[in-house]
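Chemist: In my numbering, the protein residues as written are 27 to 197. Where is the CB? At the ideal position from N, CA and C, for every residue including glycine. The structure presented is a predicted model; accordingly, all values stated were derived computationally and were not measured. Quick one: structure below, then a few questions.
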């Protein structure tokens with residue numbers, strides 16, 4: 027009997043497992059594992075939601091820094107459609123392509139001024155030059171086409187309304 031040294035508790039525990047029914051401890055352990063799995067899934071879902079919220083906040087901040095009006099209809103449309111890089115420079119470039127934010131308009135202004143100069147040279151009764159102060163008045167973005175016509179007429183540029191169309195010919 028020296029070769030076999032058993033403890034009475036080991037014999038009692040083994041009889042529960044040998045009967046084929048799970049012990050009370052194993053059922054509690056499984057329940058505990060299931061509960062931990064549920065908590066882990068919930069924590070992962072909450073972390074994913076927080077990550078998505080952080081990405082949305084970062085995107086919204088970059089759009090606002092780029093000068094996009096998030097409340098205007100065109101701004102809302104741009105926000106929904108934009109899927110490019112979330113940097114201020116990239117957003118400004120994309121918004122500039124669609125005319126959503128003002129970009130450097132020197133080329134447009136130069137073209138407009140050249141067209142006005144050609145019109146003034148072609149008109150009768152004109153000396154072919156417009157003073158710098160008149161050009162400054164014309165450049166004012168608040169001017170309507172009617173205001174520009176008044177400025178041109180005040181400087182000796184005659185306008186004829188005889189031809190049909192959106193723009194009038196100069197005499």
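Compute the Euclidean distance between the alpha carbons of residue 125 and residue 60, then round it to the nearest angstrom.
Modeler: Sequence index remark: in the chain shown, residue 125 carries index 99 (1-based). Sequence index remark: in the chain shown, residue 60 carries index 34 (1-based). Looking at the two C-alpha atoms, the distance is approximately 56 Å.
Chemist: Can residue 112 and residue 104 be called in contact, C-beta distance under 8 Å?
Modeler: For the purposes of this step, residue 112 is taken as the residue at position 86 of the chain shown. For the purposes of this step, residue 104 is taken as the residue at position 78 of the chain shown. For residue 112 and residue 104, no; Cβs fall outside 8 Å.
Chemist: By the 10 Å Cβ neighbour count, where 16 or more other Cβ atoms means buried, how is residue 88 classified, buried or exposed?
Modeler: As a position in the chain shown, residue 88 is number 62, starting the count at 1. By the 10 Å Cβ count, residue 88 comes out buried.
Chemist: Within 10 Å of its beta-carbon, does residue 52 have 16 or more other beta-carbons around it, so buried, or fewer, so exposed?
Modeler: Counted from its first residue, the chain shown places residue 52 at position 26. Counting Cβ neighbours within 10 Å, residue 52 comes out exposed, since fewer than 16 surround it.
Chemist: In terms of residue numbering, what span does the alpha helix (DSSP H) encompassing residue 60 cover?
Modeler: One-based indexing of the chain shown puts residue 60 at position 34. Here the alpha helix (DSSP H) through residue 60 covers 50-91.
Chemist: How far does the alpha helix (DSSP H) with residue 103 in it extend, from its first residue to its last?
Modeler: As a first step, residue 103 is located in the chain shown; it is residue number 77 there, counting from the start. Segment 99-107, the alpha helix (DSSP H) holding residue 103.
Chemist: Would residue 92 and residue 117 be called neighbours here (beta carbons separated by less than 8 Å)?
Modeler: As a first step, residue 92 must be located in the chain shown, where it is residue number 66. As a first step, residue 117 must be located in the chain shown, where it is residue number 91. Yes, they are a contact pair.
Chemist: In angstroms, rounded to a whole number, what distance separates the CA positions of residue 86 and residue 72?
Modeler: If you number the chain shown from 1, residue 86 lands on position 60. If you number the chain shown from 1, residue 72 lands on position 46. Their backbone Cα atoms lie some 21 Å apart in a straight line.
Chemist: Any idea if residue 78 is buried or exposed, counting beta-carbon neighbours within 10 angstroms, 16 or more meaning buried?
Modeler: For the purposes of this step, residue 78 is identified with residue 52 of the chain shown, where counting begins at 1. The residue in question, residue 78, is exposed, as its Cβ has fewer than 16 Cβ neighbours within 10 Å.
Chemist: What do you get for residue 148, buried or exposed, if any count of 16 or more other CB atoms within 10 angstroms of its CB means buried?
Modeler: Reading the chain shown from its first residue, position 122 is the one you call residue 148. By the neighbour-count rule (16 or more Cβ atoms within 10 Å), residue 148 is not buried but exposed.
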